[in-house]
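Okay, structure first, notes after.
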Amino acid sequence: MSASLFKGLLWFLALGFAAVFCVVVVPPLLENPDILGAGLAGFVNPYAAGYATDAIMCWCVLAVWVVYEARTFGIKHGWVALVLGVVPGVATGFAVYLLMRLRQQSVKA
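Start counting at 1 in the sequence shown, then tack on 8, and there's your number in the working numbering.
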């Protein structure tokens, strides 16, 4: 896979998930702005709880990776990816982190 295709797919996935989030989550949240209730709704049954726990743990793995690379390789601004990993979600935060990392590594090389 070429680097440009890789970057294009990352942008597509990051923006695609953000768009789906805006269409699916934002309207009900505007109608009933209970953020805590919205977060806890991911745990309404065992299946939803499994997916919600997976997303939370993926964010934790991303956070460990971001901190490690910031201290080991000097990758900057990883906190942006962690914020995006909360809202709209890990799919966007992870893709953005990979794009930031690629850009910073290519500058150092």
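For every residue, glycine included, the Cβ atom is placed at its ideal position computed from N, Cα and C. Because the structure is a prediction, the values reported are computed rather than measured.
Comparing C-alpha positions only, which one of the options sits nearest to residue i?
| i | options | result |
| --- | --- | --- |
| residue 18 | 41, 104, 116 | 104 |
| residue 7 | 114, 66, 115 | Outside the modelled stretch of the chain, which goes from 9 to 117, sits residue 7, for which no answer is possible. |
| residue 21 | 51, 11, 99 | 99 |
| residue 47 | 64, 90, 110 | 64 |
| residue 108 | 91, 38, 86 | 86 |
| residue 27 | 116, 97, 115 | 97 |
| residue 83 | 16, 51, 10, 116 | 116 |
Check whether chain C comes within 8 Å of residue i, counting only Cβ atoms and requiring the distance to be less than that.
| i | result |
| --- | --- |
| residue 85 | Structure shown: chain C not included; a single protein chain is present. |
Applying the criterion that 16 or more other CB atoms from any shown protein chain within 10 Å of the CB defines a buried residue, is residue i buried or exposed?
| i | result |
| --- | --- |
| residue 43 | exposed |
| residue 70 | buried |
| residue 93 | buried |
Rounded to whole angstroms, what's the CA-CA distance from residue i to residue j? Just pull it up for me.
| i | j | result |
| --- | --- | --- |
| residue 95 | residue 25 | 11 Å |
| residue 49 | residue 59 | 12 Å |
| residue 38 | residue 23 | 21 Å |
| residue 73 | residue 112 | 15 Å |
| residue 80 | residue 61 | 28 Å |
| residue 91 | residue 31 | 20 Å |
| residue 57 | residue 35 | 22 Å |
What span of residues does the alpha helix (DSSP H) with residue i cover, start to end?
| i | result |
| --- | --- |
| residue 54 | 54-81 |
| residue 108 | 98-116 |
| residue 49 | No alpha helix (DSSP H) holds residue 49; DSSP gives it neither H nor E. |
| residue 84 | First-last for residue 84: undefined, no H or E at that position. |
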